[in-house]
Amino acid sequence: MPCLPSCSVRCWCCSSLSTLVRCTTLISRKKGDRTVKKWAFLTVVCLLMCLFGGCSYQSDTVTLNVFNWGEYIDDEILDVNALFEQETGIKINYKTYESNESMYTLLESGAAEYDVVIPSDYMIGKMINEGMLAKLNFDNIPNYQYIDEVHKGLAYDPMNEYSVPYTWGTVGIFYNKKYVDEADLAQGWDILWNEKYKGKIYMFDNARDSFAIALKKLGYSMNTTDPAHWQAAYRALAEQKPLVQGYFMDQVFQKMTNEEGWLAPYYSGDGANMITGDDGNENIGYFVPHQGTNQFVDAMCVLATTKHQREAEMYINFMCRTDVATANAEYICYSTPHTEALEQLDPEVSGDPMFYPPQTILDNTEVFITLPEETNKLQKDLWIRLKCLRERPSWWPFPS
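Residue numbering for the sequence shown follows this note's numbering, beginning at 885 and increasing consecutively.
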């Protein structure tokens, strides 16, 4: 007897049904009893009803679990995930995170299983080193050809085996033109230590970005492994802490647009939300400090634990399709590495130095590299120490 239509493979319940039908037929032939035939028929009908419902869990439908940054995909212009579901029949379970560190902690703990994830450069390198990412089959990602060569072969994935660039950008300072003296912008990162703006300054709520700012302020590389440089950066952040209203990630949007704070280092792509978005504030400006800054790349990866690698690669290829990449670039406003999508953008966007800065600025940027484990441990310890630090009276005689 063939398997039921609702089953993806021949299952035990269908085999049992086949056996029951054969037995029932044999009984009715031997007995010739109308009552026996009646009960045999009812038994088969009841079993069929149970089986058709009970076998549905073996459906061929695949669900992809996608983990991405918040506000980092178009859900209005094309509604990207809905379009993928419509075109492929693959379901998308989409969740978001606020930082690379929170994403990593969740995945490393095994508390949740995902298929596709979109970390930043240095975190990709860390996850590769720890065996958390799968090598990609680029035969399933032909649209990779549209990714600009300048964003390939970077230090975190030098052989282009584990990742496909999704967006890029720079880190700068958003400021409120009503309250911040334009002349003070010449201070660069030091403006975040200016007593004039005490209580109106925000900082990143993650160690790598906050320490990078302090390191650049002091004239060091943000990728330094010298413990003395990290200790100096800690002292600078400890000195700054009494001036800081709070350490935030996505919450900084509302706080800046509501003018609760006046200065906030953040990612360039979020400028559109803060300045020209529906709840934006046109008094907000953006600049890149002269001491240099971080140029970041966020890239699409497949986790090594996935059970659906081919479907995950289909999703990445879909995200690299020109119409989809263009819609994402227009909606989230982060810089796109997709050559054809860039050509499709409004010239006012592609020509805006906040999103596509001139080469003079890019030449003064650093891309995060994956730090050695001992440096990561030092960074983590210093960050915990900083977050636990309380403001001391001016007369306090002991070092923090």
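The C-beta atom is built at its ideal place from N, Cα and C for all residues, glycine as well. Please read these numbers as outputs of a predicted model, since none were measured by experiment.
Please say whether residue j and residue i have beta carbons closer to each other than 9 Å?
i, j, result
"V1251", "W1146", "no"
"D959", "N965", "yes"
"Q1129", "Y1086", "yes"
"R1092", "N984", "yes"
"F1239", "A1148", "no"
"V1034", "T1177", "no"
"A1196", "A1209", "no"
"Y1050", "M1184", "yes"
"I976", "T945", "no"
"A1039", "D1005", "yes"
"Q1193", "A1018", "yes"
"G1155", "C1217", "yes"
"D1162", "Q1138", "no"
"A1293", "L1127", "A question about residue 1293 goes unanswered here, because the residues of the chain that appear run from 885 up to 1284."
"N1165", "N1060", "yes"
"Y1131", "I961", "no"
"T1190", "D999", "yes"
"I1075", "V1048", "no"
What does DSSP give as the partner residue(s) for residue i in the beta ladder?
i, result
"Y1151", "V1055"
"M1184", "V1048"
"H1222", "I1031"
"S1004", "D1182"
"L1102", "Partner(s): none; L1102 has no beta bridge."
"L948", "I976"
"Y1131", "M1087"
"L1017", "L1187"
"T1141", "T1141 pairs with nothing; no bridge assigned."
"G1169", "Y1059"
Can you give me the C-alpha to C-alpha distance between residue i and residue j, rounded to a whole angstrom?
i, j, result
"Y1150", "I1097", "11 Å"
"L1069", "N1024", "47 Å"
"E997", "T1223", "32 Å"
"W1267", "H1113", "14 Å"
"R1269", "I1012", "28 Å"
"A1066", "S1152", "Per the sequence shown, the amino acid found at residue 1066 is Glu instead of Ala. One C-alpha to the other measures close to 19 Å."
"L1187", "Q1029", "22 Å"
"I1253", "K1036", "14 Å"
"M1106", "Q970", "44 Å"
"R1274", "E1257", "28 Å"
"H1174", "W1077", "15 Å"
"L931", "I957", "Residue placement at L931 cannot be trusted, given a pLDDT of 43 that sits under 50; the coordinates are not used to answer."
"G954", "M987", "12 Å"
"R1119", "K1100", "14 Å"
"T1109", "Q1263", "10 Å"
"V950", "K1080", "44 Å"
"Y941", "N1167", "Unreliable positioning characterises Y941 in this predicted model, as indicated by a pLDDT of 31, which lies under 50. The coordinate reading is nonetheless provided below. Going by the C-alpha atoms only, they are around 55 Å apart."
"N1212", "E982", "18 Å"
"L991", "C1272", "25 Å"
"P1241", "Q1228", "18 Å"
"F968", "T989", "28 Å"
"M1300", "P1003", "In this structure the chain extends from 885 to 1284, so residue 1300 is not present and cannot be described."
From the options, pick the residue whose C-alpha is nearest to that of residue i; which is it?
i, options, result
"T972", "R1092, P1111 and N1201", "N1201"
"K1261", "P1049, P1111, S1004 and P1042", "P1111"
"K1010", "K1264, L1255 and C1272", "L1255"
"M1233", "R1194, Q1243, S1219 and I1245", "Checking the sequence shown, residue 1233 turns out to be Val, not Met. Out of R1194, Q1243, S1219 and I1245, S1219 has the C-alpha closest to the C-alpha of V1233."
"Y1170", "Y981, E1143, F968 and I1159", "I1159"
"M1007", "N1165, D1182 and I1216", "D1182"
"G1053", "C1204, V1172, G994 and K1271", "V1172"
"A854", "F1095, Y981, D1032 and N1157", "Nothing about residue 854 can be read from this structure; the chain reaches only from 885 to 1284."
"M1016", "Q1263, D1032, G1164 and G994", "G994"
"T1141", "P1242, K1062 and D1032", "K1062"
"Y978", "L990, T947 and L962", "T947"
"K1084", "N1248, V1001, M1133 and E1144", "E1144"
"L1246", "K1082, L967, F1180 and D1230", "F1180"
Checklist entry - Quick one: complete beta strand (DSSP E) runs, 3+ long, within the region 1073-1099? => result Complete beta strand (DSSP E) runs here, min 3: 1085-1088.
Checklist entry - Unbroken alpha helix (DSSP H) runs of length 4 or more, entirely within the region 1227-1253: which are they? => result Considered as a whole, the region 1227-1253 harbours 1231-1234 and 1243-1246 as its complete alpha helix (DSSP H) runs of no fewer than 4 residues, in chain order.
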